[in-house]
């Protein structure tokens with residue numbers, strides 16, 4: 242988490258220069274580099290790993306400070322509107338210099354957007370006994386569970402299953418009944434996508450450049466396995482460790 246020099250300023254160690262971007266799209270969109278704040282590829286994942294390590298008594302000097310620094314970064318770069326606060330997908334170098342986010346493109350998913358970020362802040366808040374992190378996470382997730390911005394597939398990664406499962410984890414961690422109700426409602430919405438004529442019962446739905454495409458996937462991230470495990474987890478009390486793959490497991 243130590244700073245590094247970039248142009249004329251010091252930036253956090255999780256700054257990503259264009260040459261290390263995940264995709265050509267990222268390089269084109271953020272030519273000066275960026276900070277990835279998605280759970281699937283960004284700093285919320287690091288935050289959760291550091292918190293889980295501490296719970297398992299794996300600890301090094303400066304770990305709490307690193308947890309706090311990442312959490313404070315996520316707190317600072319929220320997007321605010323008349324409905325509340327939420328998170329985007331990346332913070333550009335220019336936005337970092339200005340101290341606020343201008344690009345409001347996002348989705349309410351596990352991979353990118355509020356659900357993944359909020360969960361990481363919830364875990365950080367409980368790890369450091371920081372109520373402000375917890376309150377921010379709870380309010381953000383309540384908004385995301387209703388808004389469901391840019392969510393149109395039943396799958397886990399960037400679909401309804403991911404949001405439903407995170408709602409259920411919020412309920413388990415906070416005992417706030419709103420989250421259990423939201424999770425159950427989302428399961429009902431997921432089941433509406435089922436079609437016995439599909440090879441695996443569900444299709445993953447992707448939208449790109451104005452077109453909608455449907456894929457038959459059986460896997461955990463984008464396929465039927467992830468959907469069914471989500472439904473089973475929410476409707477039954479038995480716990481299995483499959484959610485470790487998404488950094489959502491109870492430690």
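In the working numbering, the protein residues as written are 242 to 492.
Using N, Cα and C, we set each Cβ at its ideal position, and we do this for glycine too.
DSSP places residue 422 in the uninterrupted alpha helix (DSSP H) bounded by 418-432. DSSP, reduced to helix, strand and coil, places residue 392 outside both helices and strands of the structure shown, so it counts as coil. Here DSSP, grouped into helix, strand and coil, assigns residue 455 to strand. The alpha-carbon separation between residue 435 and residue 488 amounts to approximately 27 Å.
Inter-segment contact for the stretch 350-370 and the stretch 286-293 is present: three or more beta-carbon pairs are separated by less than 8 Å. By the Cβ test, the stretch 380-400 is in contact with the stretch 345-359, since at least three Cβ pairs between them sit closer than 8 Å. DSSP places residue 322 in the strand class (E or B) of the three-state scheme. For residue 277, the uninterrupted beta strand (DSSP E) run begins and ends at 275-277, by DSSP. Residue 445: not part of any alpha helix (DSSP H); member of the beta strand (DSSP E) spanning 445-449, first to last residue.
For a cut-off of 8 Å, the C-beta gap from residue 378 to residue 366 is around 6 Å, short enough to register as a contact. Scanning its chain for C-beta atoms nearer than 8 Å, with the 5 sequence neighbours on each side dropped, one finds around residue 247 the residues 256, 258, 274 and 334, in chain order.
By the criterion of a C-beta distance shorter than 6 Å, residue 296 is surrounded in its chain by 492, once the five residues flanking it on both sides are discounted.
Shown here, residue 342 sits in coil according to DSSP, grouped into three states, outside any helix or strand. Contact between residue 419 and residue 383 holds: CB atoms are separated by about 6 Å, below the 8 Å threshold. Of the other Cβ atoms in all chains shown, 16 or more fall within 10 Å of the Cβ of residue 484; this residue is therefore buried.
In the displayed model, residue 304 falls within a helix according to three-state DSSP.
If you draw a straight line from the Cα of residue 421 to the Cα of residue 447, it is about 27 Å long.
For residue 333, the pairing in a beta bridge is given by DSSP as 275.
One Cα belongs to residue 396, the other to residue 316, and the distance between them is close to 28 Å.
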